[in-house]
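Everything on this sheet refers to the single structure shown next.
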Amino acid sequence: MKTVKLRIIVEVLRSLASRAYTLKYPKIASPAPQGFRGKLEYDIEKCTGCAACVENCPASALKSISDGDRRTIEVWYGKCIYCGRCEEVCPERAITLTTTYSLVTGRKEDIKSSVQLEINRCLRCGKPVATARQIDKVRLQVKDLVLPEDYDAYLSSLCLDCKKAVQAELLLAGRM
Amino acid sequence: MLPLTAGSLVHVLSNIALLIENLRSVLGDRFRKHSTRNERRAYVYIRKDGIRDCVRVLFDQFGARLSTISAVDRKFKFDVLYHFTLDQEGLVASICLSTPKQAASLDSVTDILPAANWIEREIQELFGIKFAGHPSPGKLLTSDDWPEDEYPLRRIG
Amino acid sequence: MSIDATLPIGPYHPALKEPEFFKLFLDGEKIVDVAIRLGYTHRGIEYLAERKTYNEIPILVERICGICSNVHPMCFCQAVEETWELQVPDRARYIRTIVGELERIHSHLLWAGIAAHIIGYDTLFMHFWKHREPVCELFEVLTGNRQNYAMNCIGGVRRDIDPTKHKALILETLSQIRPSLLRLKNAVTEDPVVRARIENIGVLSRDQARKLCVVGPVARASGLAIDVRKDEPYAAYREVGVDVKVLTEGDVLSKMLVRLLEALESMEIVKRALDAIPQGPIRLEPKEIVPGDGIGKVEAPRGEDIHYVRSNGTDIPERVKIRAPSYMNVPSIAPQIKGASLADASLIIAAVDPCFCCTERIALADVKTNRESSVDFESLAQRWRRKSKYSRKDGCV
Amino acid sequence: MKIFDWSRRKSPWAFHLNTGSCNNCDIEIVDVLTPRFDVERFGILLQGSPRHADVLLVTGPVTRQVLSRLRRVYEQVPKPNVVVAVGTCATSTGCYEGSYNIVGPVDRVIPVDVYVPGCPPRPQAIIDGVVAALEKFKAERSD
Chain V
6 MKTVKLRIIV EVLRSLASRA YTLKYPKIAS PAPQGFRGKL EYDIEKCTGC
56 AACVENCPAS ALKSISDGDR RTIEVWYGKC IYCGRCEEVC PERAITLTTT
106 YSLVTGRKED IKSSVQLEIN RCLRCGKPVA TARQIDKVRL QVKDLVLPED
156 YDAYLSSLCL DCKKAVQAEL LLAGRM
Chain P
137 MLPLTAGSLV HVLSNIALLI ENLRSVLGDR FRKHSTRNER RAYVYIRKDG
187 IRDCVRVLFD QFGARLSTIS AVDRKFKFDV LYHFTLDQEG LVASICLSTP
237 KQAASLDSVT DILPAANWIE REIQELFGIK FAGHPSPGKL LTSDDWPEDE
287 YPLRRIG
Chain B
41 MSIDATLPIG PYHPALKEPE FFKLFLDGEK IVDVAIRLGY THRGIEYLAE
91 RKTYNEIPIL VERICGICSN VHPMCFCQAV EETWELQVPD RARYIRTIVG
141 ELERIHSHLL WAGIAAHIIG YDTLFMHFWK HREPVCELFE VLTGNRQNYA
191 MNCIGGVRRD IDPTKHKALI LETLSQIRPS LLRLKNAVTE DPVVRARIEN
241 IGVLSRDQAR KLCVVGPVAR ASGLAIDVRK DEPYAAYREV GVDVKVLTEG
291 DVLSKMLVRL LEALESMEIV KRALDAIPQG PIRLEPKEIV PGDGIGKVEA
341 PRGEDIHYVR SNGTDIPERV KIRAPSYMNV PSIAPQIKGA SLADASLIIA
391 AVDPCFCCTE RIALADVKTN RESSVDFESL AQRWRRKSKY SRKDGCV
Chain A
669 MKIFDWSRRK SPWAFHLNTG SCNNCDIEIV DVLTPRFDVE RFGILLQGSP
719 RHADVLLVTG PVTRQVLSRL RRVYEQVPKP NVVVAVGTCA TSTGCYEGSY
769 NIVGPVDRVI PVDVYVPGCP PRPQAIIDGV VAALEKFKAE RSD
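Protein chains in written order, with this note's numbering: chain V, 6 to 181; chain P, 137 to 293; chain B, 41 to 437; chain A, 669 to 811.
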């Protein structure tokens with residue numbers, strides 16, 4: 006019994022001697038540590054609009070909306086579960102989860118952010134093909150392959166159907 | 137999964153063999169076949185009317201623990217797997233049986249093994265497999281207003 | 041035995057855990073029977089898992105339970121790895137072990153705090169949670185979130201543990217909370233009031249435990265030496281080794297002790313794993329989706345967790361069956377609670393670790409007069425706390 | 669009535685309601701009350717009954733079983749009050765969208781004033797959420 010009482014006294018003295026354990030938040034900011042999975046941010050310079058992040062999002066927080074000449078990749082923080090899948094799958098390393106953690110809002114529709122990318126149309130039929138950056142990237146990747154000279158200028162800017170048609174035409178003309 | 141040491145491997149394998157021999161002799165022609173995937177996983181395929189005897193052998197003779205029962209929707213039938221764990225051997229023995237989708241039903245084992253109570257109720261709710269002889273087949277997981285003849289995990293067609 | 045009142049508890053109890061509904065049948069102060077209704081937090085995860093790809097499911101199953109955030113993804117990944125016959129890199133196995141054991145420390149401290157809160161000893165509750173906090177902060181640095189670690193993926197882990205910076209931090213945190221935990225353990229075992237409230241209450245006999253197939257600390261407190269880490273070593277437990285703590289009394293005190301001893305043991309396991317962790321890759325890219333089935337088993341803080349996965353060769357599994365440990369443990373409340381006094385009800389329920397905390401709105405129905413009155417939590421909590429007070433007066437202190 | 673407004677703002681009482689969450693947000697809410705964050709220093713108190721609450725902290729997507737209980741609890745909370753949806757699931761159902769047992773986010777059933785996204789939100793973010801809710805009390809008074 007005495008030991009119990011004694012222990013309580015020791016505990017009290019120990020607590021008195023130690024510093025306050027409570028954080029002084031919100032008076033003193035308490036930043037999240039490096040590597041915290043917080044608010045998702047796009048690097049607008051790097052994103053090609055391939056929508057790999059949209060495909061892999063377990064919560065469908067990311068959306069890809071294509072209307073005519075523009076593709077918008079949009080993230081809604083109200084739906085994001087901060088798992089980091091998008092950061093992992095992005096081939097361009099254009100997504101980072103920052104250490105921003107406080108996204109408190111009164112209107113949940115407002116907490117969105119988006120990247121807009123230009124979509125190239127098919128030179129032959131005018132159908133939307135892919136974003137300009139995606140086409141540039143493909144061009145860069147196939148640069149070293151042996152291809153007909155006009156691939157670069159013309160073929161890569163066609164939609165799939167037209168590409169097939171043009172290739173058939175070229176084949177008939179004996180150029181391939 | 138890491139391989140076992142040679143000594144314990146022999147022990148476990150002899151135990152699996154003993155278990156399967158026992159089941160075969162008790163079940164007779166209700167025993168279909170068996171396979172061992174590795175030293176930690178054994179599968180025994182039986183006819184569905186043999187489950188109660190099977191549970192008696194496993195629970196009473198071998199001291200196995202019922203881990204869970206999984207039902208799988210396979211278009212025209214349900215596969216039901218009773219996963220038993222033999223803790224000393226670190227072995228999972230899965231008793232596999234199947235029941236046709238039309239009027240799917242199985243014998244309840246709750247009176248032999250009280251642990252099956254909730255698991256059977258859950259399968260009854262989510263798949264619509266009736267467990268004949270279950271003491272309290274009420275709702276457990278789905279909401280009060282959930283329609284009687286709809287089963288969320290049952291696939292259509 | 042007559043039933044003169046039924047007392048519904050639930051579904052709301054704000055402190056922790058899912059809303060569950062317990063209907064207690066009472067004879068005076070004595071509990072005669074209990075009926076349990078689940079489904080308040082039934083989110084249909086198995087249904088959702090059959091509609092998501094293999095890479096998304098670890099993130100979905102992580103959100104089955106907030107305290108077992110490492111257990112479920114690890115278990116699912118193990119089941120898939122068994123199906124696809126993948127050999128996880130050694131370093132990944134050790135990282136899984138370390139994260140799993142840190143999670144066990146945090147979970148057991150959380151539970152001990154809740155138990156202390158229920159017996160009306162809020163100082164102890166605050167202390168347990170205070171010493172749990174460094175573990176959460178450690179997780180924030182290691183994994184990027186306090187609760188949802190997102191560490192596991194099929195074929196390994198997603199984040200590495202830095203051999204210098206992180207290792208030093210983990211060891212520092214452990215050396216910081218270990219002495220405090222020992223002190224708190226003494227506070228539980230030596231304090232006569234706490235002992236009076238938890239000793240010989242909610243006894244689950246060995247035989248009942250076996251019949252109900254309970255798992256984890258509940259089984260180990262009743263003398264069943266079952267622990268997946270020992271019986272079927274996964275991750276790096278074969279190399280690191282586990283000392284399974286088993287007690288035989290089966291009452292709330294032994295459940296508490298088993299958990300506290302386990303938390304202390306977990307600290308040792310983390311230290312051993314940190315010493316032995318090999319270098320190498322942390323992740324293996326799966327080559328193909330193999331049709332077949334597999335079982336994953338993990339010892340969660342609450343007991344054996346088991347996932348059954350059936351793959352049909354597409355990138356969406358045909359079936360994911362999840363059985364969390366509490367599913368086997370909650371039915372064992374019935375034999376424990378029968379014959380106990382009402383004041384101990386919430387403690388017995390909580391001892392199983394569905395963390396049933398008191399703060400609740402309860403409708404008291406008096407069967408005799410058919411009168412129904414709504415009683416808020418406070419009056420019931422007072423009743424629970426009054427018992428602590430009486431035991432103090434009864435010459436315990 | 670000024671004194672009521674003042675005291676409500678200075679010491680808001682909160683009631684925590686789990687509508688089907690995975691416990692993460694619930695743990696973080698309790699965490700906010702424990703020594704590390706200790707919101708009781710602002711006079712915020714977790715109450716056991718919705719009838720005593722000024723702030724309703726809701727976590728989790730609304731499941732079918734909980735739906736009617738959520739409405740009932742909301743009716744019991746004295747007005748004026750604020751509802752804080754804590755976590756992604758309460759804001760938008762998060763990764764549970766499309767399940768048979770999920771009704772939808774909390775704002776489909778009861779009006780929500782402040783959203784705290786995060787899975788789970790850091791305790792600091794929950795404090796921010798409650799602070800934002802108190803701002804709403806202030807705004808209501810000036811109306």
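From the three backbone atoms N, C-alpha and C, an ideal C-beta is built for every residue, glycine too.
Does any residue of chain P bring its CB to less than 8 Å from the CB of residue i?
i: Arg732 (chain A); result: yes
i: Asn769 (chain A); result: yes
Determine whether the Cβ of residue i lies closer than 8 Å to any Cβ atom of chain B.
i: Gly226 (chain P); result: yes
i: Leu163 (chain P); result: no
i: Leu217 (chain P); result: yes
i: Val208 (chain P); result: yes
Which partner residues does residue i have in the DSSP bridge list?
i: Glu339 (chain B); result: B:Glu344
i: Pro236 (chain P); result: P:Lys213
i: Val349 (chain B); result: B:Gly334, B:Val360
i: Asn158 (chain P); result: Looking at the DSSP assignment, Asn158 (chain P) forms no beta bridge with any residue, so it has no partner.
i: Ile124 (chain V); result: V:Thr136
i: Pro48 (chain B); result: B:Lys63
i: Tyr82 (chain V); result: According to DSSP, which records beta bridges pairwise, Tyr82 (chain V) is partnered with nothing at all.
According to DSSP, simplified to helix, strand and coil, what is residue i?
i: Leu202 (chain P); result: strand
i: Glu765 (chain A); result: coil
i: Trp282 (chain P); result: coil
i: Ala682 (chain A); result: strand
i: Cys395 (chain B); result: Bear in mind that a pLDDT of 40 at Cys395 (chain B), under 50, signals an unreliable position, so the model cannot answer this.
i: Cys108 (chain B); result: coil
i: Tyr218 (chain P); result: strand
i: Ser262 (chain B); result: coil
i: Cys117 (chain B); result: helix
i: Asp247 (chain B); result: helix
With a cut-off of 8 Å, does the C-beta of residue i fall near any C-beta of chain V?
i: Asn352 (chain B); result: no
i: Ala682 (chain A); result: no
i: Thr727 (chain A); result: no
i: Gly797 (chain A); result: yes
i: Leu100 (chain B); result: yes
Using a Cβ-Cβ cut-off of 6 Å (strictly less than) and excluding sequence neighbours within five positions of residue i, which residues of its own chain qualify?
i: Ile156 (chain P); result: His170
i: Gly140 (chain B); result: Asn110
i: Trp817 (chain A); result: For chain A, the structure presents residues 669 to 811; residue 817 (chain A) sits outside this window and is missing.
i: Val777 (chain A); result: Val730, Leu738
Tell me whether the beta-carbon of residue i lies closer than 8 Å to the beta-carbon of residue j.
i: Gly353 (chain B); j: Pro331 (chain B); result: yes
i: Leu159 (chain P); j: Cys190 (chain P); result: yes
i: Phe444 (chain B); j: Leu224 (chain B); result: Given a span of 41 to 437 for chain B in the structure shown, any question on residue 444 (chain B) remains unanswerable.
i: Leu297 (chain B); j: Val128 (chain B); result: no
i: Leu182 (chain B); j: His148 (chain B); result: no
i: Leu78 (chain B); j: Glu60 (chain B); result: yes
i: Phe62 (chain B); j: Ile317 (chain B); result: no
i: Ser162 (chain V); j: Asn125 (chain V); result: yes
i: Phe263 (chain P); j: Glu256 (chain P); result: no
Would a check of beta-carbon distances place residue i closer than 8 Å to chain A?
i: Cys105 (chain B); result: yes
i: Thr101 (chain V); result: no
i: Pro357 (chain B); result: no
i: Arg133 (chain B); result: no
Kindly list the residues whose CB is nearer than 7 Å to the CB of residue i, restricted to its own chain and excluding five residues on each side of it in sequence; keep chain order.
i: Arg176 (chain P); result: Met137, Gly226, Leu227, Val228
i: Val9 (chain V); result: none
i: Arg192 (chain P); result: Ile248
i: Arg90 (chain V); result: Asn61, Cys62, Pro63
i: Ala57 (chain V); result: Val94, Cys95, Pro96
i: Glu102 (chain B); result: Ser109, His112, Pro113, Asn188, Ala190
Got a sec? Which residues, its chain only, sit under 8 Å from residue i by beta carbon, not counting five neighbours each side?
i: Asn369 (chain B); result: Val254, Val255, Gly256, Val258, Arg342, Gly343, Val392, Asp393, Pro394
i: Ile356 (chain B); result: Glu90, Arg91, Lys92, Thr93, Tyr94
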